[in-house]
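Participant: Structure provided below as structure tokens; questions to follow.
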Amino acid sequence: MKVPTKADPRAATPPVSTEEVDVRSLEHELRRSTEAEVRFTAGDRAIYSTGGSNYRMLPIGVVIPRSVDDVVETVRVCREHRAPLLPRGGGTSLAGQCCNVAVVMDFSKYLNRLIEIDADARLARVQPGLILDHLRDPAQAQHQLTFGPDPSTHDHCTFGGMIGNNSCGVRSVMAQFNGPGSRMSDNVHELEVLLYDGRRLRVGKGSSGDPDIDRKLTELRDRYAALVRERYPDIPRRVSGYNLDDLLPENDFDS
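Using the working numbering, the letters of the sequence shown correspond one by one to residues 1 to 255.
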């Protein structure tokens, strides 16, 4: 099966294309290399073709990882087959964010743990598939704490999806005055990320976790710092694009 796509002529480097993805080989290797649920049937693809929006795009297939190792192997296999990936949470987004012609990784079924709450530091460690209320409820009951961003889908949306969407919410503005800020980007202290090339990084304020990336980001910042300060749009909440102003020294080089 070949899934059509059209390359964007503006891309500086060739994009990952789905035209030549050997879907049968991809599915076989995913089943062989992971303990994840691997779902490539027409029915499963139809189920994951949409979410809370009106958009619909049939994915190449679906992987439901049971562990971090499954995630690492899924990324490796997809990279070797040049198949694009789309991480998915609760599927509650309203603008098609969880729909694409890609291998969908659903984190909500297994990688959904609340690992710990550090009430003194006001920090929590969670897996990307954790539902927002599954942190807020115990934080409130045990420590009289809450989490600032509160989308209307708080009983279904996951932290991974909220990070990807830079979620806020009707009452999140209160966190602007009584917390770190109203946006999801204000409330993320550190992330463990897995890049498409297989590198695993811990990123946060002050460092990307990779010296080479830090050096290149610093060079980029220093080259354009004056222009960023002068012309970067003052948009309180951003969902797409790059927050280049966060790299400025006065913003603690938030990579």
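Where a beta carbon is used, it is the ideal one built from N, C-alpha and C, also for glycine.
Every value quoted in this text rests on a predicted model; they were computed, and no experiment measured them.
For A42, does the count of other Cβ atoms within 10 angstroms reach 16, so buried, or fall short, so exposed?
Facilitator: It counts as exposed.
Participant: Thinking just about the alpha-carbon of each residue, which of G198, R237, P236 and N243 is nearest to the one in V228?
Facilitator: Among G198, R237, P236 and N243, the Cα nearest to that of V228 belongs to N243.
Participant: Could you tell me which of F107, D222 and L195 sits nearest to S67, measuring between CA atoms?
Facilitator: Nearest in C-alpha terms to S67, of all of F107, D222 and L195, is F107.
Participant: With respect to the alpha helix (DSSP H) encompassing M162, which residues constitute its N-terminal and C-terminal limits?
Facilitator: Boundaries of the alpha helix (DSSP H) harbouring M162: F159 to N165, taken from the DSSP string.
Participant: Quick check on the DSSP output: what are the complete alpha helix (DSSP H) runs of length 4 or more inside the region 61–116, in order along the chain?
Facilitator: 68–80
Participant: Is the beta carbon of L26 less than 7 Å from the beta carbon of V38?
Facilitator: no
Participant: Shortest alpha-carbon distance to D284 belongs to which of F40, G91 and D234?
Facilitator: Since the displayed the chain opens at 1 and closes at 255, residue 284 lies outside it and no answer follows.
Participant: Pull up the distance between the alpha-carbon of Y232 and that of D150, whole angstroms please.
Facilitator: 27 Å
Participant: How would you label F177, buried or exposed, when you count the other beta carbons within 10 angstroms and need 16 or more for buried?
Facilitator: exposed
Participant: Within the region 161–242, note down every full alpha helix (DSSP H) run reaching 4 residues or more, in order along the chain.
Facilitator: 175–178 and 211–231
Participant: Quick one: what does DSSP say R39 is sitting in, helix, strand or coil?
Facilitator: Strand.
Participant: I'd like the span of the alpha helix (DSSP H) that includes A121, first residue to last.
Facilitator: Here A121 belongs to no alpha helix (DSSP H), and DSSP marks it neither H nor E.
Participant: Across the region 132–146 and the region 187–199, are there enough close Cβ pairs to call them in contact, namely three or more that are closer than 8 Å?
Facilitator: no
Participant: Using only alpha-carbon positions, find the residue among Q97, G198 and L135 that is nearest to N166.
Facilitator: When each option's Cα is compared against that of N166, the closest is Q97.
Participant: Could you name the residues of the same chain whose beta carbon sits closer than 8 Å to that of G61, not counting the 5 residues immediately before and after it, in chain order?
Facilitator: V23, L26, E27, L30, V38, R39, F40, D44, R45, V103 and V104
Participant: On the DSSP bridge list, what partners appear for R276?
Facilitator: Any answer about residue 276 is impossible in this case: the structure gives the chain only from 1 up to 255.
Participant: Tell me the DSSP secondary structure of D246 in three-state form.
Facilitator: helix
Participant: Can you give me the start and stop residues for the alpha helix (DSSP H) that E27 sits inside?
Facilitator: Looking at the DSSP string, the run of the alpha helix (DSSP H) that includes E27 is V23 to S33.
Participant: Taking the beta carbon of E19 as the centre, do at least 16 other beta carbons fall within 10 Å, making it buried, or is it exposed?
Facilitator: exposed
Participant: Would you kindly report the start and end of the unbroken alpha helix (DSSP H) that includes H143?
Facilitator: D133 to H143
Participant: Please determine if the region 111–130 and the region 48–57 are in contact, where contact requires at least 3 C-beta pairs separated by less than 8 Å.
Facilitator: no
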